[in-house]
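Asks: Attaching a single structure in C-alpha cells format; questions to follow.
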Amino acid sequence: MREGVHAGTACWIVDTAHAQAAIARHGGQLLAWRPADAAHDVLWLSPLAKRPPAPLRGGVPLCWPWFGSGEGDLPAHGLARTRAWALDDWRLDDDGSVALTLRPETQPVPGLEVIEHLRIGGVLEQTLETRNTGDVPLALTQALHSYFHVGDVAQVEVDGLDGHDYLDKYEGYAAARHQRGAWRLDDPRDPGRSDRVYLGTGGRYLLRDPVLARSLAITSVGSHSLVVWNPGATGGRAMDDVGDGWRHYLCLEVANAVTDRVQLAPGTTHRLSQRVEVQESHATG
100 MREGVHAGTA
110 CWIVDTAHAQ
120 AAIARHGGQL
130 LAWRPADAAH
140 DVLWLSPLAK
150 RPPAPLRGGV
160 PLCWPWFGSG
170 EGDLPAHGLA
180 RTRAWALDDW
190 RLDDDGSVAL
200 TLRPETQPVP
210 GLEVIEHLRI
220 GGVLEQTLET
230 RNTGDVPLAL
240 TQALHSYFHV
250 GDVAQVEVDG
260 LDGHDYLDKY
270 EGYAAARHQR
280 GAWRLDDPRD
290 PGRSDRVYLG
300 TGGRYLLRDP
310 VLARSLAITS
320 VGSHSLVVWN
330 PGATGGRAMD
340 DVGDGWRHYL
350 CLEVANAVTD
360 RVQLAPGTTH
370 RLSQRVEVQE
380 SHATG
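Residue numbers for the sequence shown follow our numbering, beginning at 100 and rising by one.
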C-alpha cells in the first residue's frame with residue numbers, strides 16, 4: 100500500500116503479487132483493479148475523464164445517499180462521489196489480499212454515516228455500509244456504479260436477468276417491461292442503448308465477453324435491483340467525457356434504486372456489497 104497518482108488523480112495504490120488497484124481520494128472511488136493473472140483491466144476509466152472536483156467517469160463511483168437525479172439543485176447520484184475521503188485502516192490478509200476501510204473526511208448527511216470496505220486480491224470485494232446515527236427513520240437509494248471494461252459492448256451478454264421485470268429510464272420508469280433471455284445491447288424494442296433498472300433480481304450475474312475472452316461473475320448482497328447502462332453511440336458521443344469510449348464499457352450497478360429503497364431505523368445498519376471474479380475463457384470471438 101502506498102500513496103500515488105493514477106490517471107492524474109491522487110490515489111491509494113495497491114500493488115501485490117495477487118492484484119493491482121487504485122482508489123481515488125476523490126469520492127473514495129475505485130479507479131482500477133486487475134488480478135495478476137488477468138489479461139485485461141477489469142474496470143474502464145475514461146481517458147477523457149474530468150479532474151476533481153468534477154465526478155470521475157469510470158471505475159466504481161459511489162452513488163449515495165440517492166441514485167439518479169437529485170431534487171432541485173442537488174447533484175445527480177448523491178454527495179459521496181465528489182467528497183474527499185480518508186483511509187481509516189488497511190491490512191494485509193493471510194491470503195495476500197489487501198483490506199481497506201475508507202470514509203468521507205466529513206460525513207455529508209447529518210444522521211447518516213457511510214463507510215466503504217474494499218478487499219483487493221484475485222477477487223474484488225466491495226461494500227458500502229450505511230449507519231443511521233440519528234433518532235429518526237431515514238430512507239436511501241444507492242449504487243456501486245461499476246464501469247466494466249469490455250472488448251465490444253455490442254457483443255457481450257449478461258446472464259442472470261432472464262424472467263425479471265425492469266423499468267426503463269428512457270420511458271420515465273413508467274411501466275415495467277419483461278426480460279426474455281440474456282441481456283444484449285441489440286434489444287429490437289430499443290436497440291443500441293440501455294438504461295434499465297431490473298427489479299427483484301437474485302444477485303448473481305455473469306457478463307460474458309467473447310472479444311476479451313473472459314466472463315465476469317458478479318454477486319451482490321443487500322440489493323434487489325441491478326442497473327444496466329450504456330448510452331450507445333449517439334448518447335456516448337454527446338458526453339464530453341465518454342465520446343467513442345461507449346463501446347468499451349458496460350455499467351452493471353448493484354443497487355437499491357427506484358422502487359428498491361432502503362428504510363433505516365435509528366441505530367440500524369445496511370450493507371450493499373458486490374463480489375467480482377474474473378473467469379478467463381482462453382478463446383477469442
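The beta carbon of each residue, even a glycine, is placed where N, CA and C say it ideally should be.
(1) Are the beta-carbon atoms of E256 and R313 separated by less than 8 Å?
(2) Which stretch, first to last residue, makes up the beta strand (DSSP E) that contains G103?
(3) Which value, in whole angstroms, describes the spacing of the CA atoms of G280 and D188?
(4) Using three-state DSSP, classify Y269 as helix, strand or coil.
(5) Any idea if T300 is buried or exposed, counting beta-carbon neighbours within 10 angstroms, 16 or more meaning buried?
(6) Express the C-alpha separation of D192 and T200 in angstroms, rounding to a whole number.
(7) Could you tell me if L161 is buried or exposed, where buried requires 16 or more neighbouring beta carbons within 10 angstroms of its beta carbon?
(8) Going straight from the alpha carbon of V296 to that of V113, what length do you get?
(9) From this set, Q362, S372 and T318, which residue's C-alpha is nearest N231's C-alpha?
(10) Which residue wins for smallest C-alpha separation from A135, given the options H125, V141, Q119 and L129?
(11) Nearest to R292 by CA position, among A273, P330, C350 and R370, is which residue?
(12) List the whole-angstrom C-beta distance separating T108 from L130, where the pair is believed to meet the contact cut-off of C-beta under 8 Å.
(13) Looking at the structure shown, is G158 part of a helix, part of a strand, or coil, going by DSSP?
(14) Report the rounded CA-to-CA distance for A179 versus Q128, giving the unit in angstroms.
(15) Tell me where the alpha helix (DSSP H) around T333 begins and ends.
(16) Taking its Cβ as the centre, do 16 or more other Cβ atoms sit within 10 Å of P203, making it buried, or is it exposed?
(17) Determine the DSSP secondary structure at W328, reduced to helix, strand or coil.
(18) Please list, in chain order, all residues of the same chain as R218 whose beta carbon is under 6 Å from its beta carbon, the five residues on each side excluded.
(19) Find the nearest neighbour of Q206 within the set E376, T229 and G221, judged by alpha-carbon distance.
(20) Mapping the DSSP letters down to three states, classify G344 as helix, strand or coil.
(21) Quick one: which unbroken beta strand (DSSP E) runs of 3-plus residues sit fully inside the region 203–288? Chain order, please.
(22) Measuring alpha carbon to alpha carbon, tell me which of R133, C110 and M100 ends up nearest V375.
(23) Just confirm the distance between the C-beta atoms of P154 and G126, as a whole number of angstroms; I'd bet it's less than 8 Å.
(24) Determine the direct distance from the alpha carbon of C350 to that of G335, and round the result to whole angstroms.
(25) A364: buried (16+ other C-beta within 10 angstroms of its C-beta) or exposed?
(26) By alpha-carbon positions, which one of L243, I214, A275 and A274 ends up nearest to T368?
(27) Under the assumption that W345 contacts A354 (Cβ atoms under 8 Å), give the Cβ distance between them as a whole number of angstroms.
(28) Check whether the Cβ atoms of L68 and W165 sit closer than 8 Å, and answer yes or no.
(29) When you compare only the Cα positions, how much space is there between G384 and G210?
Replies: Working from what's here:
(1) It is not a contact, given that the beta carbons lie outside the stated cut-off.
(2) For G103, the enclosing beta strand (DSSP E) begins and ends at R101 to H105.
(3) About 43 Å.
(4) Secondary structure at Y269: helix, using DSSP grouped into helix, strand and coil.
(5) With 16 or more other Cβ atoms within 10 Å, it is buried.
(6) Those two C-alpha atoms are separated by around 14 Å.
(7) So L161 counts as buried.
(8) One C-alpha to the other measures close to 32 Å.
(9) Ranking Q362, S372 and T318 by Cα distance to N231 puts Q362 first.
(10) Nearest C-alpha to A135 among H125, V141, Q119 and L129: Q119.
(11) Looking at the Cα atoms, P330 is the closest of the given residues.
(12) Confirmed, about 7 Å.
(13) Three-state result, G158: coil.
(14) Cα to Cα, the separation comes out at about 9 Å.
(15) From DSSP, the alpha helix (DSSP H) with T333 extends over G331 to R336.
(16) By the 10 Å Cβ count, P203 comes out buried.
(17) W328 carries a strand assignment under DSSP once its states are collapsed to helix, strand and coil.
(18) Its chain contains S196, A198 and E224 as the residues whose beta carbon lies nearer than 6 Å to that of R218, once the 5 sequence neighbours on both sides are disregarded; these appear in chain order.
(19) Checked all of E376, T229 and G221; the closest Cα to Q206 is T229.
(20) Under the three-state reduction of DSSP output, G344 falls in the helix class.
(21) Listed in chain order, they are 211–219, 222–231, 237–239, 241–243, 246–248, 256–258 and 264–267.
(22) The candidate whose alpha carbon is nearest that of V375 is R133.
(23) P154 to G126, Cβ: 7 Å. Contact.
(24) When rounded, the distance between both Cα atoms is 13 Å.
(25) Result: exposed.
(26) The shortest Cα separation from T368 among L243, I214, A275 and A274 belongs to I214.
(27) Contact doesn't hold; Cβ gap of about 20 Å is too wide.
(28) In the structure displayed, the chain extends from 100 to 384; residue 68 sits before or after that span and is not available.
(29) Summary for G384: the model assigns pLDDT 40, below 50, so the residue's position carries little reliability, and this model does not support an answer.
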